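Input: a single structure, listed below in C-alpha cells.
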Amino acid sequence: MGPAEELADTQRCQLIDELANLVDNTPVNSATWACLWFGDIERIRELVHVLKLNKDVEDIVHTSVTSYLRSDSATNMLKAWAMLYDPETSENLDHKGDDKEDDTKFKEATSRKRRRDASRSRSPSKIPRLTCGNMSDTLAQEETENILLPDINTGSTTKATSSSDDDCEETAERLCCERDQKACLLTGFREPLEIGYICPFSFDQHKETDNLFWKTQHFFWSKERVNAWKQEVLGPNGTQVCSNSVCFVNLALSLWENARFALRPLALSEDRKRLTVEFHWLPAHAYRRSRLINTRPDAFPINLSSYIVGGKDAAMLFDIHTKSELRSGDKLTFLTSDPDGHPLPSMELLQMQWILNRVLALSGVAEPRYK
6 MGPAEELADT
16 QRCQLIDELA
26 NLVDNTPVNS
36 ATWACLWFGD
46 IERIRELVHV
56 LKLNKDVEDI
66 VHTSVTSYLR
76 SDSATNMLKA
86 WAMLYDPETS
96 ENLDHKGDDK
106 EDDTKFKEAT
116 SRKRRRDASR
126 SRSPSKIPRL
136 TCGNMSDTLA
146 QEETENILLP
156 DINTGSTTKA
166 TSSSDDDCEE
176 TAERLCCERD
186 QKACLLTGFR
196 EPLEIGYICP
206 FSFDQHKETD
216 NLFWKTQHFF
226 WSKERVNAWK
236 QEVLGPNGTQ
246 VCSNSVCFVN
256 LALSLWENAR
266 FALRPLALSE
276 DRKRLTVEFH
286 WLPAHAYRRS
296 RLINTRPDAF
306 PINLSSYIVG
316 GKDAAMLFDI
326 HTKSELRSGD
336 KLTFLTSDPD
346 GHPLPSMELL
356 QMQWILNRVL
366 ALSGVAEPRY
376 K
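Using the working numbering, the first residue of the sequence shown is number 6, and each one after it goes up by one.
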C-alpha cells in the first residue's frame, strides 16, 4: 500500500474533472488543490451535487463555490497546522513554483471568468446569501449553504483554565517520557530528545485560528471525520495530554513538523498497549498561486530511505539498534504498559496527521524553520 493511493483513484479523478468543469476550470492555489486531492471523496461528490442542484441560479452558486476555492482559506488552515499562521500578520506565501504551463492551460478560462465577474464584488472567504423567490429555491439555498459551511459543533469542549496550562503541559511531557522510556519512538536515540505534539501544542489557545481550521477542514472532509478530530483536540485539557505527545529526537521532530515524513496509523491492540504505524518519507513540492483543479499530482515515491530535494539526499533517520536507515513502508510499534495512565498516541490524531502532513507536503505550504 503506497503513501498516496488517493491520487490514483479513478473515481476521484472523474469527480475532480467534473468539479473543474462546473467551476469553469477556475485556477486555485496549491493548498486548495492539495486539499481536494486528499479530501474525502464524498465531500467532492457533494460539491458537484450542489452545483448541479442549483443550476437555475448557477451564477450565484458558481460565485459562492468559486470564491471559496480561490480564497486563502486552505493555505491558512495548513499554515495553522504547520504553526506558521499568525492571524495578525498573515500574508500569502511567496510564489515559488513555475506556473507557466498551468497559466497557458487556464488563460482562456480565466479570461471568460473575468468578463463574467467584472460587475461583481468578490469576498473570497464569505458565502453570499442566495436570494430566492419560491420554496424550491429556498430549499436549494439551505442545501447549498449546508454543503459549503455546515455546522460542525460537537457539543461542549470546555478547556482547562489558563492557570492550569503549565501544570497540564508538565504532566503531559512527564507521562510521555515515562511511556516512551526517554527514547525516540522512531530511532531509539536517547539524546537530544524533544517532546512533540501530534496536533500543535498551542492549537487550542487561539479562537480565531481554531475556527478557521475546523471550518476550512469541513469544506474538504466529512462531518463525521472532522468531528472525531475536533473532539480529540478540544477535550478538557486540549492538546496538553499524553495521547497527543511523542518523544522524538530533535531532527526527527523538525522533519515531522515540516511534513518531510508522515506516520500512517495501522492498528491499536485490543488492550490498547500496542500501536502499529507505518513510516513514509514525503516528496518536496513548491507552493503555487495558480493550479488547475484537475491537474493530476505526481505519484508519491515508494521505498525511499531519505528525504530528497532536487534528486539528492537531504535528510535521513537511523535506527540506533539495527544501524539501518528508516525507509518508507517500515512498520514501527509503539508500546505502553499503562494504557489508562500513559495512553499511546491517539489513533484519531495520528489519522489527522497522516492526512494533513501529506496535504502539507503536496501543497508546498511548509517552510523550513530548523533552529
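Quick reminder that beta carbons are idealized off the backbone N, C-alpha and C, glycines included.
All of these numbers come straight from a predicted model, not from anything done at the bench.
Asked                                                                                                     : Found
Within 8 Å, strictly: CB atoms of ARG195 and LYS187                                                       : yes
Residue span of the alpha helix (DSSP H) that contains ALA13, given as start and end                      : Neither: ALA13 is in no alpha helix (DSSP H) and is coded neither H nor E.
Classification of ASP276 by the beta-carbon crowding that lies within 10 angstroms, buried from 16 upward : exposed
Simplified DSSP assignment, three categories, for ASP77                                                   : coil
As assigned by DSSP and simplified to three states, the class of ARG294                                   : coil
Opening and closing residue of the alpha helix (DSSP H) in which ALA36 lies                               : 35 to 43
Alpha-carbon spacing of ARG17 relative to GLU11, whole angstroms                                          : 8 Å
Simplified DSSP state of LEU173, which is helix, strand or coil                                           : Strictly speaking, residue 173 in this sequence is Cys, with Leu absent from that position. In the structure shown, CYS173 sits in a helix (DSSP, three-state: H, G or I).
Euclidean distance between Cα positions of ASN249 and ASN59                                               : 42 Å
Contact check, THR244 vs CYS181, beta carbons under 8 Å                                                   : no
Sequence ranges, beta strand (DSSP E) only - wholly within the region 256 to 308, length at least 3       : 266 to 273 and 279 to 286
Rounded distance between the beta-carbons of LEU27 and LEU56, thought under 8 Å                           : 4 Å
Beta-carbon gap between PHE266 and TYR312 smaller than 8 Å                                                : yes
Meets three-Cβ-pair contact criterion under 8 Å: the region 291 to 298 and the region 23 to 41            : yes
Contact the region 346 to 359 vs the region 234 to 243: 3+ CB pairs below 8 Å                             : yes
Counted within 10 angstroms of its Cβ, other Cβ atoms place ARG117 as buried (16 or more) or exposed      : In this prediction, ARG117 scores a pLDDT of 33, lower than 50, which makes its location untrustworthy; the coordinate-derived value is nonetheless stated afterwards. Flag for ARG117 reads exposed.
Minimum C-alpha distance to PRO302 - residue among SER259, MET88 and TRP42                                : TRP42
Within 8 Å, strictly: CB atoms of ALA13 and LEU367                                                        : no
Burial state of ASN263 (16 or more Cβ within 10 Å)                                                        : buried
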